[in-house]
Each structure stands twice: as C-alpha cells, then as structure tokens.
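Asks: Got a structure for you, questions after.
Number of protein chains: 4
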Amino acid sequence: MARILRMGMVGGGPGAFIGEVHRKAARMDGQIEIVAGVFSTDPEKSRATGRALGLAPDRVYTSYEQMAEQEAKLPADQRIDFVAVTTPNSSHFPIAKTFLEAGFHVMCEKPMTLTVAEAEELEKVVRNSGKVFGLMHNYTGYPMVKLARDLIRSGELGPIRKVVAIYPQGWLAQPIESESKQAAWRTDPRLAGAGCLGDIASHAENLAEYITGLKISELSADLTTFVPGRRLDDDVNCLLRFENGARGVLHASQISVGEENGLAIWVYGEKGGLEWHQEDPNHLRVTSLDGPEKQYFRGNPYVAAKSPAAARGTRTPSGHPEAFIEAFANTYVNFADTIRALEEGRAPSELENDFPKASDGVRGMKFIAAVVRNAAGQDKWTRL
Amino acid sequence: MARILRMGMVGGGPGAFIGEVHRKAARMDGQIEIVAGVFSTDPEKSRATGRALGLAPDRVYTSYEQMAEQEAKLPADQRIDFVAVTTPNSSHFPIAKTFLEAGFHVMCEKPMTLTVAEAEELEKVVRNSGKVFGLMHNYTGYPMVKLARDLIRSGELGPIRKVVAIYPQGWLAQPIESESKQAAWRTDPRLAGAGCLGDIASHAENLAEYITGLKISELSADLTTFVPGRRLDDDVNCLLRFENGARGVLHASQISVGEENGLAIWVYGEKGGLEWHQEDPNHLRVTSLDGPEKQYFRGNPYVAAKSPAAARGTRTPSGHPEAFIEAFANTYVNFADTIRALEEGRAPSELENDFPKASDGVRGMKFIAAVVRNAAGQDKWTRL
Amino acid sequence: MARILRMGMVGGGPGAFIGEVHRKAARMDGQIEIVAGVFSTDPEKSRATGRALGLAPDRVYTSYEQMAEQEAKLPADQRIDFVAVTTPNSSHFPIAKTFLEAGFHVMCEKPMTLTVAEAEELEKVVRNSGKVFGLMHNYTGYPMVKLARDLIRSGELGPIRKVVAIYPQGWLAQPIESESKQAAWRTDPRLAGAGCLGDIASHAENLAEYITGLKISELSADLTTFVPGRRLDDDVNCLLRFENGARGVLHASQISVGEENGLAIWVYGEKGGLEWHQEDPNHLRVTSLDGPEKQYFRGNPYVAAKSPAAARGTRTPSGHPEAFIEAFANTYVNFADTIRALEEGRAPSELENDFPKASDGVRGMKFIAAVVRNAAGQDKWTRL
Amino acid sequence: MARILRMGMVGGGPGAFIGEVHRKAARMDGQIEIVAGVFSTDPEKSRATGRALGLAPDRVYTSYEQMAEQEAKLPADQRIDFVAVTTPNSSHFPIAKTFLEAGFHVMCEKPMTLTVAEAEELEKVVRNSGKVFGLMHNYTGYPMVKLARDLIRSGELGPIRKVVAIYPQGWLAQPIESESKQAAWRTDPRLAGAGCLGDIASHAENLAEYITGLKISELSADLTTFVPGRRLDDDVNCLLRFENGARGVLHASQISVGEENGLAIWVYGEKGGLEWHQEDPNHLRVTSLDGPEKQYFRGNPYVAAKSPAAARGTRTPSGHPEAFIEAFANTYVNFADTIRALEEGRAPSELENDFPKASDGVRGMKFIAAVVRNAAGQDKWTRL
C-alpha cells in the first residue's frame, strides 16, 4: 500500500483560484493529505483557510520561512513531505529555494521564477538538494497529451515539420485589474514579471516542447499591450524555429474576446499530423498520408496500446469525460510516486518520472526572455 | 466552517468502477472523509481495499449488517454519518434499508431497487427514518444540466412539446460477459434485474424528467437482446408521452458499436430548444424562435445569472473543463449540505436540496417496469 | 461527347423553392438545358418565369396537359427529353402519369403520390411506358451517403442491428401558414396529403432503407399536431423493425425550434457503426469494434477506393465543400446517364442506375400509410 | 429580365480543376452561358473540351490572342461579354491585358500576376479600359464571410485588435509534382511565381483584409520548402501588423498532413470576436464581452437583417447547406450584375459591386513580394 503523503501549501487563501485546484487535485486519489500551510500574507485569512480545511491550528503559519523552519523540526512521521507553492510568480523562487534547502520536496506553480538567472539558480538548488521538484505545467498531465507525445516518440508521424501552438483567452479584454484579484496580480509587473507571455504563452511553449520532444532554437516575436493603462503585455505572437529544422507559430492572447482557455496544438510530421484542444481534452485527432482521419478517445484499449502513460493517467472508462482537475491530479500522482520511489531507494520508473521539472522551468524562462528581447529589438531572430 | 462528514461504503472493492468514482468525488472538496466500509463479499479483498484507503482495520467489516450494527455503537463523533451503497443492483434495497433503519443517511447507486414494490417500500423507509437519502443519478449533477432545467423552469423555452433522450453505448456489442466483471453482473438477471434498460435507459428517463420538470405518463417500447446468449436486454427504444401532452423518444443501447457514453438530450418548447451531451458536458446549446443559436459555456457570469445551481456546481473558471467526477461530487456536496442542514436544525435551501431522492428511484423503477410490460405485450401504450 | 438533354418543368414558378433548386442542379454540369415549362397555374406568372429563364415564349405552356401534348408533337431533336415535376404533392401523380404516357421520361418530386394505390398504379405506368422515372429523394445523392451504403454493402459493419434516422426542423413551430407559401401548401391536407410525415419523415425512411439496404417490416408510431389550427401532423415519432431483425427509431419534426434541416442517420452493425448529418454532408463517421473512430472526408482516394459511387458524385477536391445542390445534381446526372444509356440501346451501369425510382415511391407511400394507420389505432405494430 | 451574358474561357482544359469550377459556378444560376474558349495550349485538347461543352466549333480557338481578335469582330449580340482566365499564374497578366484592351470584361484567377509591377500595370489597364475586371478570390463570395465583414463594418465587434488567418493544406506533403498536373504547375517557379505563398497564403491575406476592412501595413515572415527537390515554398508563417495598430498571425502550408482546405479566420475586436472556417462555411461564430456565444447559420432572417450581402448570396433555406461552387457563383453574379449595370448606364449598387478587383490583386502581389523580401533578409519588419 502506498504511503499517504503529507502536503503543505504556500498560497491558496480566500479568493485564490489555482491553490484550490491544487488541493482538489491532490485530494482526489486519496494518496495525499493537506496538513499545513500559510495561505495568505494576512494571518487572519490564512487561519480562516486552515480552519476550512480542517487543519490543526498549529500547522497554519504566518510566513513561509516560519513554516519551513517549524515543519523541519517536527518528527519525520508528522512533518510535511512536500510543499505546493501557489503564490504569485515573484515569490516562487524564494519560497521554493527555502523549502528545498530545508529538506522538503516542492511542487511549484509556473512560471518557475521571474528571470532566467533565478531559474538556473533554482535548478542548481534542486540538484544539490536531492529533493523532488515538480513544476505545475498541468496541461502535460492530460492523457491525450501523453498519447500525442508517445505517437510522435514512436515515429508514427515521422520527423516533425511544423508546430502550431495557440492559447487565446479573452478575460482581460477590458481593464478589470481594479476589480479582480486574479487580474490584478497577473498584470502587475512586480508580482507577475510578464503578462500574457508568462501566464499562458509559456504553457503553449511547454506543451509544444513536451509533445514534440523538440527544443525551440530561435524565435521572432511581437508583444503587445492593447488595453489602455495595462502595464504588461496582453497579446503575444511568435514565429518559431526548432532545433531539427521544424518551423512553428505560437500565439497567445488575453484580449481575444469570447475565447476562454483555448490552449490547442497542431503538429505535422512527414507522415502524419495531430491536433488537440484543451477545452475538449478527451479527444486527439490524428491524420496520416493516406487514410481517413482518426479520432482517439481517452480510455480505450487502443490508446493504452500506444501510450501506457495515457492509460496510467486515466480514471474513468471511455465516454466518461475527465478534465482539468484530473490533469492536475495526474501531475501530482507522478510527482508523489517519484517521492515514494526515492523513499524506497529505487529509481522512479519512466512513467512515474513523467512530470515537469526545473529544467522545464529554465526553458520557460528562456522562452519568456527571448520573446521580450526580440520584441523590443530590430533583429529578426533571437536564440533561446 | 463546515463539519467534515464521515462516510462509509458498501461495495467498491478491487476491480469496481463506480465505487472508486464515489470515493474520488467524495474526497475532492475536502468535506467528506472515508472512514469505514465493507468493500467486497470476500473479506480479504475488503481488507486490502481498506488498507489501500488508509482505513483503521477495525472499520473494515465483513458484512453490511455487521457494519451497520457496529458503527451504530460507536460514539457520535466517530461513527459514520452516511453510507454509500455501490454494490450491484440487487442488494441496493436491503443495504439501504438496513442503514436507514440503523440511523444512517444513505447515498445509493441507481437503479434504486429491483422492483417497484421495493422502491415504494424504500421510499417509506426513508420517510419514516427521517434520514437523508440520495440516489446517484450523477448526470443531474452537471452544471449545464442544472442550467437546462433552470432555463425551462423560468419559461425561457415556453411550454415543452418534444423531448429526445438517448443513451447509446457500444461496449457490450460482443458477449464479453465472461471476461469483464463489469459486464458480468450487469447482464446477470439475478444481480441487475434489467439490462441496458436499468443500467442506462433509466438515466435517460431521469435526465428527461429532471430537466423538463415533466413526468412521463405513458410509453410504448421495444426491448431487444442482440447478443446471442445474453440474458438481459441490450437495446431499448421507446416512444414517450408526457403528462402535459409533450411527446418524446427515448433510446438506449449497449450494442451501438463505437458509442462510448453517449447520453444526450434535446428539449423543444414553444419558444426555444436546448441540447446537451454528456461527453461534452461544459456546453449547452440553446435555440430560440428568432435569433442566432446560443452556446452557453460553464463558468460564465451569464450562466450564473440564469442558474445559481449551475454556478454552485462550478469549481473552475470557464474554459477549464469539468467533467464526470465533478458531477458526482456536486451530488455529494448537495447531499452533504442537506445532512448538515438537518444537523443544524434548519431546512436545507433549495440549492442544497437539489439531488436525486427516493422519489426519483420510484419513478425509475416504474419506468423500467412499464417498458418491460409494454415490450412484452400487444398494447400500444402502457401507463407508468 | 454526351448529348445535352432537354428538360421541361412543371412547377417552380415565382416564390417556389424546390423548382429553382432543380434548375440549378440540372444546369450545373452543362449536360441538361431547360427548354420548356408550365411554371404556375397563373399563366402570367408562368410566362414571367419562362422569360427569366430565357425560354422561347412558345415553350411556356398554360397547363401540363397542353405541354405534354404540344411537346410530343415537336420534332425529336427539339422536344423535351424529360419533365421535372416540382408541384405540390397532390398533382405529382396525374402529371407524372400524363408525361410518361406521352412518351417522356420523368423526374418527380417526393412524396411520389398521395396514396399507396396511386403509387402502385404509377409504378405500373412507368413499367409499361419503358421510360425512365426518377424520384427526387435528393439526400441519397450525397457522396457520403453513397459511401455509407457501400461500406454496409461490403460487410464492413457486419449485419445491421440498429438504425436511428432523424429529421428535426423548427420552421413550423408557429402557425405561419397564412404568411408563407411554402408553409401553406405543406400544411394543406388537400395539397400535401401528410404533413411532417410526408414532407420529411419520408426522407428519413428513404435514407434508412437506401443506406442499409434493408426494408422496414413494421412500425409503431405517434403522430402529433402541436400548432393550434394546423390541419396536418407536425411531429412524427416511430419505432421501427426491419426485415432482418434490426430495430430502429425514426423521428421527424417541424416544431423543433432551432433545428433547420437536421436529417441525420446512425447505423450500427455487429462490427461497426456509422453516422452522417445532412448539414455537414462532406463527412462520414465510421466506428469499429477495436480501433479509433474514423472520419471519412469526401474527395479523398480512400473514399473512392471504397465507393466508386461516392467518387462519381464528387466535383471538387477534398476540403472544398460540396452541398445540397450538388446532391440534387448527382441525382440528375445518374438519371440523365440512364436516359442516355436507353438511347444508346445499352443497359445503364450500376453507377448510372443509382437514383431513386418508382419502387422507392411505393415504399414511401406504404411507410406514410402505415404510420397514419398505426398512430390512429390501438395496435402496437403495423406492417408496411 | 436580366440579359444572359456570354462567357469565353482561357484555360480549363482536360484535367483542369479550377476551370471547371468556374464553368459550374457560371452556369448555376442560368444567367451566364459559355460560348467560346481556348481551353488548352494543345489544340486537339481544346477542341475536345469545346465539344464536351457543346460549343460551336468556330468558337474554339487555338490561342487567346486569336480568340480576342476574332471575338471582337463578331456582332455585338454574338460575341462574348467577358472572358474567364483560368490558366496558370504566369499567363494571367498577358491574357487579361489582351482581352481588356480588346474591349472585353475579364474575370481572372488569382494571384493576379507574377509581380507587383505587372499588377500595378494591369490595374492601370483596367482603369483605362473602362471594363469590369473581377479577381476570383472566391472565398469572399461565401455569405457568412460577407456577414462577418458586415458585422465588423457596423461596429458590432468594436475596433479590431487581433486577426488570425490560416490556410493549412497537406496535399503536397510528398513530392507528387511528377504525378499530378495540379501539383506540377503550382510548384514550377516559371508558371506559378510563388508556391504555397501565392496559391493559398494570398487567399488568407485577401480574406483578412476583406473581412476586417483593414490593410496590412507590415509583416515578418518565415518561408520554407520542406519537401526535398521542391523549387518553391510549401510553408508560410507570418506576423502581421495592420494600419490601425491591430496585430495578427497568418500561416499557410501545403505540408500539413491531413489538412484539406483549411482556410479559417478569427477576428477579435474590443467588443467581440468572430470565427469562420471554409470547410464549414454555413456557420459563423460570434462572441461578445458578456453573453453566450452566438452561432449564425446562413439563410436565416437574423442573418439577412445584419447583412443584405449575405442574404443576396443565399440560394437555399437555412439547413440546406451551400458550399464552394455557390461561393464562386456569388462572385460571378455580382461581377455579371456590375457588367449589366454598365450596359444599362447606371452605377452598380454596393451589393452588385461586391467582388474582388484589380486593387485586391495589387494588394495580393504586394503581400507576396513583402513576404519573399522579408523571409530572405534580416530585417524584422517589411512594409507592404
């Protein structure tokens, strides 16, 4: 029987979106329990969240430094196994570093840091700590994304020629920064670092590299702020070139009125193509040179045959849809099983080890930095 | 802060499908914890499941009767608040009855019983017990189903004229009874009572009555067993008449090759229509006499404005899809809040009280009985 | 080089819908020219239409009897080869009979006649005339419908078990009879004979029998008139049984608000299934027991390989959509090539001979009669 | 009554694709008849096509120069009114110029010429000729494209911020130049000038400018040839900037395996957005800041109310799909009515005058030239 892991959380107080998603995802499979946290910089709000979660009052802390210190002093069978970092971007780096150095595994929201330098330093901290670090690029947790990766890995599409990754949203088409907590921090340069670029374009970048197994080598970008008064970009358009010669397009937006969370990807190889939409996550369209188009549906034996990773990330039979929270939960399952493997003194299997890591965070920060630099200059191409 | 309820379970052992869905759904929101159970008729399998769930060994029982008796003896702050019954159909009735009479609330899988007589008796038991009884017609837990109901309730579609409810599946197109545990009990007359009719056609019936607020008054049916050697029906086709004069069609199938879990409904009123598909649950199509068709997407303010129940059943922002397990969880949330209301000595709100009950179970059994009777005879119409 | 056929028309005057579709379809491929007609019972309207069509004034007649008589007197290289009958239902029989007996081929709108007796008589007239008779069940002209038929014919789906054919429309949800010419005659018992049943349910029946190659043996039906004051049915629901033991559902409606021309069909065999929608006519979904679902798209080599008939009915490459008028035109092409074969003294090929005939008209009238009889009585099943 | 126009054609011999589409489109409405042509550089093939079309032998010419000269000598009521130029790109300019200068109206395939200089010269020739010149950017003939334009024109979407126009195809993913006539000339620099860029990217450019009413001011581009041995580009990716500050992405491809004719566009304004797909041409998705998404379907009164141009381009009721050939035909109808207006000595109405012209051809050639120049250089942005 798998040991139930103890989770702490930094962030996720009243009005938070992503912290509660982390909690639901962590709870879903009964293999992780939430036992400690600092949920807000306001101690009263933090305590209120702790109470709502049924935590012991002495496990709700007033600062993440205090939490790291106090938890480290608890007996090994009581203290948290890992912490989930779900605060605004600017504090990811210090919090993650603190907990890693205090001997805890870390699951961190993306983007990993504010700068490439921080990202590279954190990658070193992770390496030196010997701890497990997960980066919540949750979209790679979807089973059909894993199938897509595995179809490409197996050569079914042939060498990849073209990638189109898009992430349109419309919720920031108007200046709602003053009304919405979610909008406020995401458009604050100090807290978020980058706007649309860091919040969602980086997901598209991560998805493209994850599915294709290719690295973006250079890009050309146009970065725009459409909403008057906004301090960060709300629209991103990029031409991509990949290390193998493949070409691509990536665009993301927060001003595409009517789009909700439209992350989608198309990949074309010499022999076939595929298409996946986050809002319809249980399907994968696959094309070939000479037959009718195929629609793969999650949960079928023919999916499992091509992708054990997709099968592993499946909880319900085909036709019983799974969605966003389950994709998060899949990332947690693999992260947790890798922690358990470490405890058990064995190497995690490839399936267990399948979750985004600090190296993905470094790639993400390099992508963000390259877009910012290219968009500000006159050079056509900027290398990552 | 809401009290975390203690849940017991009967059923849901190794290889079970729906029991584990109940557990994931119950856990998701952190308001229910699983503390006891009898998971299999095989005590060793039951204990193994209990261990995997992290239960105290003395809360894993060898029979439901023992469980009801022992739990009732525990102190009020330790014993289960309710039991989830997730066994094959034939045992729903005795188990539910036993726990209700022992003073526990019950969440029961559908179909509620094997016969109308049992259903009516169980309805009485519920009434006499003063306990909360929930019937897991999970599809009514989807937010867009609640929006559909509320649009009709508000008169937006006008008086209803026509209803088409379908539930095609293909997984039993071949005689897999001998290989699949799920197939075996569902095609065993002794355990399941009815085949496709009880397993899925009854969901379509429940959905149609829930969304429209109308009762089916009479029906004409064709019940077929296509797979040689199968002992129960695997295909159901019905003409429906509703008490208000509306007409309808209901069909369900387990031999529709390639269909997965295709529950869907179309409702047409004098002023508008709507369409919803379980496999694409975050959308609702709505039509009117004179404008472009509208697509409602879960999680938007315009949904909340029309349906507080849909908003209440929403965990993630629009575009971040929710699915099957969340719909289950919504049924649990309302069931649990109604239990809490009872504890607090107040009437549950209409929103809290929105989950299927014993009366729905009686309707379902009457529907099943009417289909069986009509299909076997020469009369064109059979009243429910 | 194919001889360009000369077409006459009865019906299709100002305000007509289907007559103009016949003309566009007939013209499209440059193999048929319109040279004569009586387009309206009002001679002035008829002449106006003739002028707009560029007809010689002496080829615009005041009655169909006159037209048949006068055209027959013209030299063989001037007179019409065939007549298209596009009047309201009640006059199909006398007009078709008149022209057949005058030695002309006939393309007739459906339903073929008002009664089974007329239909059977017309079938005899056709046989005795030695002329070519086409019945415009245009939906069988779609290439993907022909592919569907050919996949079933070849056994790819295995023996057929279940058929669902639907034809929802919403345009008559309100009493627009007084405002709309199209609505007026279609709801007039004297002109139309049957309402929704004859206008569109009969298309669904024809499509089901064409695609499956099976005959409906018996049915149970519910026929309703929802709109107050309407004199014919506007909603049809049927249970179907086919001669091979397959079961089915057929429903059609003119009061399904928001539905436009939603003819669609699902067929399930022992080994596979298929689904086709008239409003998305270039696609065919095909399922099997064990692989991912396939989407066939018109115009591809893999379609041609399975269905020469689909390839023959294709004018543009894949991705360049074809639609309603082209399906009509396909029916005309086969009808015209069959006429040419007759002229050339050879049997038409199977591909040429692939268009609906008087025998389909008889089936349609039997279907209509069976629905009316069953709906009015207490018997559960009525044989066709 | 409208005078039936006489059409000549250059191109469209055996094996041609687009020439036959022009003919079907021109014939469909009975307002244009084909009377003359030179269909191939091979006189025998040309004569064969003429025979198949039922032309008088003396109206089938051996060269376009001869045709222009001879037709000009015919009496005014016999000679062609206009010529359709459907040859490979390289001959559009000389042919169009010749016929314009001989006093004929011209309908020309796109791209208009091989160079910007030719395009600008042809624009002058058109102006000086006083004749009507149409450029067959057929996709702007779709009714829902006209609705899209009219919604934007009316301000319903607010000022435009972002445009995404894509045109993926996969038919040239392999080197089929040697087998396919269509592929051969399209990949021949001498005949086609540009590859994917001229063949389809220019359609995306035209569609974007037509729908938004905005001009592209500058662009950054990546032009690739993936298939070994191919002499022209088969993949195009561009960042776009529009004169009003809007940003955009345009990509097109002939190596996107499985894509057929995937022209599509998304436009986002301050108040709303829209989406249209050529392969599903009867629908237009429209979004707004605060309501459910709307789906406009061709043929409805609510479409006509917003776009008389869409209504004018509609032949069948809603739900009876129209497609590619009808869009061509709509371009012909407006072109022909503008010719008739000229004959009648009146200015064509705005609805009649709604077809692509020489100015669109100049824009297209500037777009092509800018992409080629930018892709070959180091500058980030190139002005059109």
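Residue numbers (this note's numbering), protein chains in the order written: chain A, 91 to 474; chain B, 91 to 474; chain C, 91 to 474; chain D, 91 to 474. In this text, a Cβ means the ideal position worked out from N, Cα and C, and glycines have one as well. Quick caveat, the model's predicted, so the values are computed rather than measured.
#1: Evaluate E134(D) with the Cβ neighbour count: other Cβ atoms within 10 Å of its Cβ, from every protein chain shown; 16 or more gives buried, anything less gives exposed.
#2: If we cut at 8 Å on Cβ distances, does Y358(C) have a partner in chain B?
#3: Any beta carbon of chain D sitting closer than 8 Å to that of P438(C)?
#4: Apart from the five residues just before and just after Q344(B), which ones in its own chain have a Cβ nearer than 8 Å to its Cβ?
#5: Could you give the distance in angstroms between the alpha-carbon of P249(A) and the alpha-carbon of G363(A)?
#6: So for W471(A), helix, strand or coil by DSSP?
#7: Could you give the uninterrupted runs of the beta strand (DSSP E) lying entirely in the stretch 117 to 193 of chain A, keeping only those of 3 residues or more?
#8: By how many angstroms is the C-alpha of V452(A) removed from the C-alpha of R331(A)?
#9: What does F316(A) reach in chain D if we use C-beta pairs closer than 7 Å?
#10: With DSSP run on the structure shown, which of helix, strand or coil describes F107(C)?
#11: May I ask you to report which of helix, strand or coil DSSP gives Q272(B)?
#12: Given S180(B), which residues of its chain have a CB within under 8 Å of its CB, disregarding the five upstream and five downstream residues?
#13: Please check the pair T302(C) and I256(C), which I expect to be a contact at CB under 8 Å, by giving their CB distance rounded to whole angstroms.
#14: Counting only the same chain and skipping the five closest in sequence on each side, list residues whose C-beta sits under 6 Å from that of P201(B).
#15: Within 10 angstroms of its Cβ, does E434(B) collect 16 or more other Cβ (buried), or is it exposed?
#16: Could you give the residue range of the beta strand (DSSP E) that holds G359(C)?
#17: Alpha carbons only, please: which of F418(D), R137(D), E365(D) and F129(D) is nearest the one belonging to I185(D)?
#18: Just reading off the alpha helix (DSSP H) that T421(A) is part of, what are its end residues?
#19: Which bits of chain A does P382(C) rub up against, with CB to CB less than 9 Å?
#20: Report yes or no: is there a C-beta of chain A within less than 8 Å of the C-beta of S136(D)?
#21: Between the beta-carbon of V461(C) and the beta-carbon of L313(C), is there less than 8 Å?
#22: So for K305(A), helix, strand or coil by DSSP?
#23: Assign K114(A) to one of three DSSP states: helix, strand, or coil.
#24: Can you tell me the Cα-Cα spacing of C198(A) and S449(A), whole angstroms?
#25: Is there a Cβ of chain C sitting closer than 8 Å to that of A263(B), yes or no?
#26: Contact defined as beta carbons within less than 8 Å: I believe G389(D) pairs with T406(D). What is the distance between those atoms, to the nearest angstrom?
#27: I want to verify the contact list: residues of chain C whose CB lies under 8 Å from the CB of V125(D), in sequence order.
#28: Taking its Cβ as the centre, do 16 or more other Cβ atoms sit within 10 Å of P165(C), making it buried, or is it exposed?
#29: So that I know if they touch, is there some Cβ in chain A lying closer than 8 Å to that of G403(B)?
#30: Check whether the Cβ atoms of S270(D) and K470(D) sit closer than 8 Å, and answer yes or no.
#31: At the 8 Å Cβ level, is L329(D) part of the contact set with chain A, yes or no?
#32: Answer with yes or no whether the minimum CB distance from K114(A) to chain D is below 8 Å.
#33: Name, going along the chain, the residues of the stretch 337 to 357 of chain D whose beta-carbon falls closer than 8 Å to a beta-carbon of chain A.
#34: Counting C-beta neighbours from all protein chains within 10 Å, is the total for E159(D) 16 or more, i.e. buried, or is it exposed?
#35: Please name the residue, chosen from G467(C), A417(C) and Q468(C), that lies closest to D444(C) on a Cα-to-Cα basis.
#36: What is the residue span of the alpha helix (DSSP H) that L441(C) lies within?
Replies: The structure says:
#1: exposed
#2: yes
#3: no
#4: Q259, G260, W261, L262, A263, G285, C286, D289, I290, D324 and D325
#5: 11 Å
#6: coil
#7: 122 to 128 and 172 to 176
#8: 18 Å
#9: R251
#10: coil
#11: helix
#12: L204, R280, L281, A282 and G283
#13: Going by Cβ atoms, the distance from T302(C) to I256(C) rounds to 15 Å, so no, they are not a contact pair.
#14: N179, G288, S292 and G454
#15: exposed
#16: A354 to G359
#17: F129(D)
#18: F414 to E433
#19: L374, V376, K384, Q385, Y386, F387, N390, Y392 and V393
#20: no
#21: yes
#22: coil
#23: helix
#24: 13 Å
#25: yes
#26: 7 Å
#27: Those within 8 Å of V125(D) in chain C number zero; the least Cβ separation is about 12 Å.
#28: exposed
#29: no
#30: no
#31: yes
#32: no
#33: R337, G338, V339, H341, S343, I345, S346, V347, G348, E349 and W356
#34: exposed
#35: A417(C)
#36: Element bounds for L441(C): n/a, residue is neither H nor E.
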